[in-house]
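Have a look at the structure below before the remarks.
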Amino acid sequence: MKSIDYKPSEITFYNQDGKILLKEISLIAVDSADKILACGEDCHCVERKNILIGSPLKNGIIAEFDLSVALFKHFLKKENLRLELFQTLKTAVCVPVFLTQVEHRALYEAMLVIGAKKVLIVEKPFKEASREISREYNMIIEITAET
């Protein structure tokens, strides 16, 4: 099982053994026409004139749906985890307990848009959830409000 820790400040991909495969800042740069210019560390190289740079995740909530999906896809490609492989995954997403049903739905739909085959939203900490569902799901994603 692979896991992903997605925070407003960074995103970390782990392999089955807990080894870090990729760790990047979770920023995305867009221009005034909402064209994506850069993701992650590449945002530091973008000229900041008329550019918005920020995290699409705020307090454990997807604040910008399309940008979150684009950022996630970018990191999946960068980590060489092909999107086709992601489509075969049963993905569990650990979320903060305070999320509303609408916010749950946004996360659920984001995972489907990215390509997950089956998605389970879990209101438990990552370590607890990973013990309980590791046999059923190939990937666990923890989305936290930490910065």
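Throughout the sequence shown, residue numbering follows the working numbering, covering 2 to 148 in sequence.
We treat Cβ as the ideally placed atom computed from N, Cα and C, and that holds for glycine.
Residue environment, residue i, which counts as buried when at least 16 other CB atoms sit within 10 Å
| i | result |
| --- | --- |
| residue 46 | exposed |
| residue 34 | exposed |
| residue 126 | exposed |
| residue 85 | The pLDDT assigned to residue 85 is 48, lower than 50, so where the model puts this residue is not dependable, and the model offers no usable value. |
| residue 5 | buried |
| residue 148 | Confidence is the limiting factor: at residue 148 the pLDDT is only 47, short of 50, which leaves the residue's position unreliable, though a coordinate-based value still follows. Exposed, by the Cβ-count rule. |
Within 9 Å, strictly: CB atoms of residue i and residue j
| i | j | result |
| --- | --- | --- |
| residue 139 | residue 20 | no |
| residue 1 | residue 26 | The chain is shown from 2 up to 148; residue 1 falls before or after that span and cannot be answered. |
| residue 37 | residue 71 | yes |
| residue 90 | residue 119 | yes |
| residue 105 | residue 96 | yes |
Rounded Cβ spacing between residue i and residue j (contact assumed at less than 8 Å)
| i | j | result |
| --- | --- | --- |
| residue 144 | residue 94 | 6 Å |
| residue 30 | residue 62 | Not confirmed; about 21 Å, so no contact. |
Option in the options with minimal Cα separation from residue i
| i | options | result |
| --- | --- | --- |
| residue 73 | 117, 126, 129, 17 | 117 |
| residue 98 | 16, 124, 130, 131 | 124 |
| residue 66 | 107, 100, 141 | 107 |
Hey, which unbroken runs of the alpha helix (DSSP H) at 4 residues or more fall wholly within the region 64-142?
66-79, 84-88, 102-115, 127-134
Report the residue ranges of all beta strand (DSSP E) runs contained in full by the region 26-62; include only those spanning at least 3 residues, in chain order.
29-32, 37-40, 52-55
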